[in-house]
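Scroll down for the structure; my scribbles are underneath it.
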Amino acid sequence: MSAHVAAAQPPGELDLFLFGEGTHRRLWDLLGAHLCESGGATFAVWAPNAQQVSVVGDWAGWNDSSAEATLLATQGNSGIWWGFEPRARPGDRYKFLVTGQNGQTTERADPLARAAEVPPATASVLFESSYEWNSPPSEDWRSSRSNRNSGRLSVYEVHLGSWRRHSDGRAHTARELAEPLADWASSLGFTHIELMPVASHPFGGSWGYQVSGYYAPDARLGSPDDLRYLIDVCHDRGLGVILDWVPAHFPKDRFALAQFDGTALYEHADPRRGEHPDWGTLVFNHGRNEVRNFLVANALYWLEEFRVDGLRVDAVASMLYLDYSREPGEWIPNELGGREDLEAVAFVRELNEVTAQEQPGALVIAEESTSWSGVTRPAEWGGLGFSRKWNLGWMHDTLSYFAQEPIHRAFHHHELTFPMVYARDERWLLPLSHDEVVHGKGSLLNKMPGNHEEQLAHLRSLLAWQWCHPGRQLLFMGGEFAQEREWSHEGEIDWFLLQREGHDGVRRLVADLNSVQAQNPALWAGDDDLDHHIGWLDADDHEHSIFSFWRSVPSWYREQTDQRPQGPSGHHGSVAVVANLTPVPRHGYRLGVSDLAPWSVLLDTDAQIYGGTATHVGENADGLLVVDKDTPWQNQAGSLLLTLPPLSVIILAPSELP
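When the sequence shown is numbered by this note's numbering, its final residue is 765 and no position is left out of the sequence of numbers.
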């Protein structure tokens, strides 16, 4: 928790030295505004090329005359300006007046403000947290985070402003959303919630990806402590919280970071490096110590002061490549003549190394869209050091396959098998994110072919395929009940669809997928150790669009958890997954199995409870599938004779060990 400073004292030499070196781990204690126990507040800002810096605010009626503005003093050669205003009080709005070398003065929001006004207003707000965390006790919260992040990872992606709204269309605060959101995600069995960017941003239509205040939560969500409350409630429900974080670029708004002291301070001066051609934003100068410190400390700030469980780092590819979205002649090669941004690579490695040191157990997940090697390899081994990487190749190929009419899927069979080829290359997260349901792309449901019932069946198969495939899962809000319209940030998702049986069936399926996965570690524990824990049974049945594979629990997991194999609802041995992705039931389908005990159906997406046809898979009167021990199949010791339901994925497991 942030605290009032005891007295108005300028920064010490060590603080200034660490900042100059780019290694001040608690930069939010050095810069920004801090209320003093005895009254008033100190202000500190980095503006090395300014002629003069002062601060104005509510205490002086926003009078910027020399008699009313609080002049700040330079602190050695650090570029930091510091001062004390005795009249400042909690809740006061303020801005810096920064005079550049050309004599022009501009009003600036505090880059390290803890709070800000509700847009379109742009002032910073004096704020110190008084939040008292509920659960767990302060001495245990880091170990609790490590425990949450060390196991299964099933992520529910949320845009807070459009998850639910008041009846009159107003957005809820984070505090108002806390219980319903945490209860909903928990009821569905998700392990984590990922919040789209919650830092202060002027334009709601950017969804938070054009940040103006990196240390101030978006005031549309209420106070910073309202956000803390939401995170606390999620933790109380056993949910981790991941924040979307944007260290690649920032908007050009003149009240924020752009040309902050009259020069290119946070950004590169040369537009060939300093401007992003697609987004109309400015690119951070990751090679500058103070800028790198601003960003690394910001990551630590959210992990420490808000106790979040991880960060999802946006647009990593745009940082790694100097020619990202640029034509020849529009970019500058690095010192070795290559296209890699060596400064950004060093920044990313530092970010992950420092986070691991300062916030052990925290997740740092890369949204990286290229084939850069070693994104999740430790930095000391030549990698970038991320915890996980979004598998955008899997997303693209899988959605492409499921969008095909079933009659054409035989010609796209490789789109489901190819991601298995590189499944061992990184520690993957499989995203069905907000990016896939906006800008005319349609909802997940409307990407599926056929009539409405067939679309629901395809979507159920898609979700089951995602949950069974190697890699952790992420699903954007609305996908859990087959949202029909594509997402809009200006309204809420269509909750009324839950009143329709087919849509509620998808909700039941998502909850059961999470439950089956949680009880059967074969479906996730080997994700990062696949060599002996997954194998195709049949990857080549193009003609019938059938796929089958097995997964097993790594021995290290059994030893670590002291888990013994259980029955079908919680099996710690192996599972088999079979997908029939045409609308034709397949009778007499033989599936090879290595375990000769009877098998059970753990989940069938065609079950009536989900809205399916309830085609009988082949269980006997006891609900078991009996192994044909005399007919080895698919290089397995025995086989099962099944009926594969149409447009379905089924998960099977031995009901007991021999």
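Glycine residues also receive a C-beta, built at the ideal position from the N, C-alpha and C atoms.
Keep in mind that this is a model prediction, so the values were computed, not measured.
Asked                                                                                                                                                                                   : Found
Out of R335, V265 and S274, which one is the CA nearest neighbour of R282?                                                                                                              : R335
Per DSSP, what are the beta-bridge partners of H299 in this structure?                                                                                                                  : V262 and G347
Where does A772 land, buried or exposed, given buried means 16+ other C-beta within 10 angstroms?                                                                                       : Outside the displayed range of the chain (108 to 765) lies residue 772, so it cannot be described from this structure.
Going by beta carbon distance, what residues of the same chain come within less than 6 Å of D53, once the five residues before and after it are set aside?                              : The chain is shown from 108 up to 765; residue 53 falls before or after that span and cannot be answered.
Smallest Cα separation from F603: which of A589, Y316, S595 and L616?                                                                                                                   : A589
Mapping the DSSP letters down to three states, classify Q580 as helix, strand or coil.                                                                                                  : strand
Could you compute how far the alpha carbon of G481 sits from the alpha carbon of L491?                                                                                                  : 6 Å
Need the endpoints of the beta strand (DSSP E) that T738 sits in, please.                                                                                                               : It is not in any beta strand (DSSP E) - T738 carries neither H nor E in the DSSP assignment.
Measuring CA to CA, which of L569, S659 and E374 is closest to V756?                                                                                                                    : L569
Give a yes or no on whether the C-beta atoms belonging to G718 and G585 are separated by under 8 Å.                                                                                     : no
Going by the beta-carbon positions, is the gap between V544 and E593 smaller than 8 Å?                                                                                                  : yes
With DSSP collapsed to three states, give me the class of T337.                                                                                                                         : According to the sequence as given, residue 337 is Leu; it is not Thr. Helix.
What are the complete beta strand (DSSP E) segments, minimum 3 residues, inside the segment 621 to 661?                                                                                 : 641 to 648 and 653 to 659
Closest by CA to W314, which one among A289, E286 and L267?                                                                                                                             : L267
In three-state terms, what does DSSP make of P675?                                                                                                                                      : Summary for P675: the model assigns pLDDT 41, below 50, so the residue's position carries little reliability, and this model does not support an answer.
What are the boundary residues of the beta strand (DSSP E) that A151 is part of?                                                                                                        : A148 to W153
Using 8 Å as the threshold, is the C-beta distance between Y191 and A115 below it?                                                                                                      : In the sequence as displayed, the identity of residue 191 is Phe instead of Tyr. Yes, Cβ-Cβ distance for F191 and A115 is below 8 Å.
Rounded to whole angstroms, what is the Cα-Cα separation between W166 and T212?                                                                                                         : 20 Å
Pair every Cβ in the segment 565 to 579 with every Cβ in the segment 613 to 624, then say whether three or more of these pairs are closer than 8 Å.                                     : yes
Shortest alpha-carbon distance to L402 belongs to which of T462, E442 and G725?                                                                                                         : T462
Output yes or no for whether 8 Å exceeds the beta carbon distance between P117 and Q159.                                                                                                : no
According to DSSP, is F310 part of a helix, a strand, or is it coil?                                                                                                                    : coil
Tell me whether the segment 738 to 757 and the segment 694 to 702 touch, counting them as touching only if at least three CB pairs, one residue from each stretch, are closer than 8 Å. : yes
Pull the bridge partners of L418 from the DSSP assignment, please.                                                                                                                      : L350 and V471
Helix, strand or coil for P287 per DSSP?                                                                                                                                                : helix
Expressed to the nearest angstrom, what Euclidean distance is found between the alpha-carbon atoms of G387 and T206?                                                                    : 26 Å
To the nearest angstrom, report how far apart A469 and R399 are at their CA atoms.                                                                                                      : 20 Å
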